[in-house]
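One structure is given below, encoded as structure tokens.
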Amino acid sequence: MASRAQKSLLRDTMKAGARRSLELIGGTLLFLAVIAAVLALATYHSQDPSLNTASGGPTLNLLGPFGAWIADALLATFGLPVILLAPVGLIVTNRLWLARPVGDWGRM
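Per this note's numbering, the very first residue in the sequence shown carries number -17; after that it's consecutive.
Have a look at this one:
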């Protein structure tokens, strides 16, 4: 009987550890994505070759062609209020890192 309880405890501990590791990895990836998006938006130039601009000139975005495409896609989709998504992403990142509840991910 004790061995079953031991296996269950070990299984629960492993699940909790794996879940926490995924939260930390997800938080780190989200943080990097938010920083990259903010950097791409901050160095946005309308003359950069991207989805909506056919330009033969050099890419002036700090993240290169990828940053120009991301900034153009975000601005074309959401407009200037896209900047308001950065604090939300940082808040979610903070909550993931500190193991606070973020919300029910299964219902999103």
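From the three backbone atoms N, C-alpha and C, an ideal C-beta is built for every residue, glycine too.
Remember, predicted model here, so these are calculated numbers, not experimental data.
Item, Value
"For G85 versus V16, is the C-beta distance shorter than 8 Å?", "no"
"Can you check which of these residues, D(-6), L11, L21, M(-4), is closest to L78 by C-alpha distance?", "L11"
"Just to confirm the assignment, what range does the alpha helix (DSSP H) spanning A50 have?", "46 to 60"
"Could you check where the alpha helix (DSSP H) with T75 kicks off and where it finishes?", "67 to 79"
"Short check: CB of A50 to CB of T41, under 8 Å?", "yes"
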